[in-house]
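Notes follow once the structure below has been shown.
Numbering (the working numbering), first residue to last: 325 to 632.
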């Protein structure tokens with residue numbers, strides 16, 4: 325059997341989940357301090373991509389070893405992992421080493437970045453990277469298995485929202501500035517919406533293998549309502565930026581365009597068909613489209629905001 329391509333293994337399209345918050349926070353930091361540190365930006369991108377890559381690989385490895393991927397009958401492009409290890413178990417060893425090397429690159433890049441930022445930000449940087457490495461492996465790895473103990477949602481929100489935003493800000497010598505604090509939740513919520521939709525698809529496989537996420541613990545209907553809450557929280561944060569950020573803030577309203585066109589259909593599908601996997605797959609695809617469109621609009625809004 326032909327081995328899968330590298331982009332399939334690493335699920336390349338989902339790298340936007342980490343790239344977007346890093347770019348967004350960097351743009352906001354440039355607005356705050358009026359300076360852009362290119363080398364520090366390159367290093368934080370290396371850290372973020374390395375963490376995301378190791379997370380993806382460890383997730384596939386441990387979901388395969390613990391049986392979740394084996395019983396998943398509804399794997400698709402938006403949920404269920406890559407599934408490549410089911411047909412190519414010989415890749416487990418190389419993927420383990422790739423994940424470990426990725427984390428070594430993260431540590432090395434962090435060491436270099438430490439020498440370039442203000443000393444008072446060192447502890448914050450090390451703490452963020454340390455927790456991120458922990459999340460990267462132990463999202464699915466034993467004995468912690470965050471995703472199996474109902475802690476996967478909070479770790480995803482933290483990793484792709486507050487932590488990613490803050491680590492990029494720190495790389496530009498900005499700490500907990502009020503504007504950074506307001507930006508911190510939004511990208512993680514957008515990424516979390518993808519996970520919530522995916523859990524509704526994967527529930528049949530997750531429950532018997534002990535992967536007890538939100539959908540298992542709360543039921544499909546409650547999970548569908550939480551999906552709506554998460555999406556409307558993003559809308560609320562966009563409006564917060566419009567009313568509370570200084571200067572010309574109309575560009576942030578661009579972020580509402582995909583919510584106007586995509587969310588009504590995606591949200592309706594999940595609410596009305598929360599127990600019908602094939603219907604949910606359509607809602608999950610729309611959720612990914614919404615996430616990508618929102619991410620592009622957020623970056624566009626911040627670029628206009630910066631140079632207006």
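By construction, the Cβ of each residue, glycine as well, lies at the ideal position given by its N, Cα and C atoms.
Helix, strand or coil for residue i per DSSP?
i	result
residue 581	helix
residue 390	coil
residue 359	coil
residue 545	helix
residue 568	helix
residue 374	helix
residue 560	helix
residue 536	coil
Which whole-angstrom value is the C-beta distance of residue i and residue j, which I expect to be below 8 Å?
i	j	result
residue 347	residue 623	6 Å
residue 520	residue 547	6 Å
residue 536	residue 463	In fact, because the Cβ distance is near 14 Å, the residues do not count as touching under 8 Å.
residue 460	residue 382	6 Å
residue 616	residue 583	At roughly 13 Å, the Cβ-Cβ gap does not stay under 8 Å, so residue 616 and residue 583 are not in contact.
residue 492	residue 345	7 Å
residue 495	residue 365	7 Å
residue 486	residue 509	6 Å
residue 629	residue 588	Contact flag wrong, Cβ pair sits at about 27 Å.
residue 424	residue 474	So it is not a contact: roughly 27 Å between Cβ atoms.
residue 512	residue 484	5 Å
residue 434	residue 371	6 Å
residue 554	residue 516	6 Å
residue 373	residue 420	Going by Cβ atoms, the distance from residue 373 to residue 420 rounds to 19 Å, so no, they are not a contact pair.
residue 363	residue 430	No, residue 363 and residue 430 are not in contact; Cβ-Cβ is about 16 Å, not under 8 Å.
residue 445	residue 368	With 8 Å as the limit, residue 445 and residue 368 do not qualify as a contact, their Cβ atoms being about 12 Å apart.
Figure out for me which residue from the options has the closest Cα to the Cα of residue i.
i	options	result
residue 594	608, 563, 435, 586	608
residue 565	577, 556, 554	577
residue 456	378, 365, 441	378
residue 482	342, 351, 587	342
residue 415	438, 389, 428	389
residue 448	418, 596, 489, 468	489
residue 312	538, 420, 384	Any answer about residue 312 is impossible in this case: the structure gives the chain only from 325 up to 632.
residue 427	571, 453, 443	453
residue 620	628, 586, 579	579
residue 598	567, 523, 631	523
residue 502	349, 630, 339	349
residue 352	626, 538, 371	626
residue 507	421, 497, 568	568
residue 466	451, 534, 419, 591	534
residue 613	514, 562, 374, 572	514
residue 585	370, 611, 573, 602	611
residue 357	573, 561, 606, 498	498
residue 571	367, 387, 504, 355	355
residue 600	527, 458, 557	527
residue 290	562, 631, 525	Here the chain covers residues 325 to 632 and nothing more, so residue 290 does not appear.
residue 556	590, 437, 438	590
residue 581	361, 592, 469, 562	562
residue 634	605, 330, 604, 387	Residue numbering for the chain in the displayed model covers 325 to 632; residue 634 lies beyond these limits and cannot be assessed.
residue 361	412, 573, 441	441
residue 573	411, 632, 504	632
residue 408	439, 330, 337, 422	330
residue 476	539, 443, 411	539
residue 422	380, 504, 596	380
Under 7 Å: does the beta carbon of residue i sit that close to some heavy atom of the ligand HEM?
i	result
residue 433	Ligands are entirely absent from the displayed structure, and the ligand HEM is therefore not among its contents.
Could you give the uninterrupted runs of the alpha helix (DSSP H) lying entirely in the stretch 407-480, keeping only those of 4 residues or more? For the stretch 407-480, whole alpha helix (DSSP H) runs of length 4 or above, ordered along the chain, are 408-411, 416-438, 446-462.
Which runs of the alpha helix (DSSP H), 4 residues or longer, sit entirely within the stretch 570-623? Segments of the alpha helix (DSSP H) lying fully in the stretch 570-623: 581-585, 587-596.
Enumerated in chain order, which unbroken segments of the beta strand (DSSP E) with a length of 3 residues or greater are wholly contained in the stretch 496-523? Note on the stretch 496-523: there is no whole beta strand (DSSP E) run with a minimum of 3 residues.
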